[in-house]
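Q: Take this structure, written in structure tokens, and hold onto it; I'll ask about it next.
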Amino acid sequence: MRGTVALAAGRVLAAEGKTAEAVRRLDDAITGQQKARQPSLELELREVLGEIQFSQGDRPKGLALLQQVEKEARQHGMVLIAGRPPRLSAAPASR
11 MRGTVALAAG RVLAAEGKTA EAVRRLDDAI TGQQKARQPS LELELREVLG EIQFSQGDRP
71 KGLALLQQVE KEARQHGMVL IAGRPPRLSA APASR
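Letter by letter, the sequence shown follows residues 11 to 105 of this note's numbering.
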């Protein structure tokens, strides 16, 4: 339950401009899911974290995390996670 709440909270906090708090909550939830051995929820949390990092200022780190999540999801047969595009609409185009 905490992981799903953290997913929503992370997105809301990031949308409100509270990026540091969003990242902290997601990091805490990721640690909790690792201990609980719930890889699908952990990957979803890491995906949201990557989206936030990418769109809120740390593009290289966010992109690397999103690529790692996709790779791990494919390795574990989690095609729904691996196949969905990241939510990067808030990110300004870079050229």
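Backbone N, C-alpha and C fix where the C-beta goes; we use that ideal spot for every residue, glycine too.
Between the stretch 50 to 59 and the stretch 70 to 87, do three or more beta carbon pairs fall short of 8 Å?
A: Yes, since at least three Cβ pairs between the stretch 50 to 59 and the stretch 70 to 87 fall closer than 8 Å, the two stretches touch.
Q: Can you name, in chain order, every residue of its own chain whose Cβ lies under 8 Å from the Cβ of arginine 35, other than the five neighbours on each side?
A: Here residue 35 refers to the residue found at position 25 of the sequence shown. Within the same chain, arginine 35 has close Cβ partners Ala16, Ala19, Gly20, Leu23.
Q: How would you write the range of the alpha helix (DSSP H) that arginine 12 sits in, first residue to last?
A: In the sequence shown, residue 12 corresponds to position 2, counting from 1. 12 to 25 is the extent of the alpha helix (DSSP H) around arginine 12.
Q: Of all the CB atoms in chain D, is at least one closer than 7 Å to the CB of leucine 23?
A: Here there is only one protein chain, and chain D is not present.
Q: On the CB-based measure, 16 or more other CB atoms within 10 Å of its CB, does glycine 72 come out buried or exposed?
A: For the purposes of this step, residue 72 is taken as the residue at position 62 of the sequence shown. Glycine 72 comes out buried.
Q: Hey, would you say glycine 13 sits closer than 7 Å to glutamine 43, going by beta carbons?
A: What you label residue 13 is simply residue 3 of the sequence shown in a count that begins at 1. What you label residue 43 is simply residue 33 of the sequence shown in a count that begins at 1. Against a cut-off of 7 Å, the Cβ pair of glutamine 43 and glycine 13 comes out as a contact.
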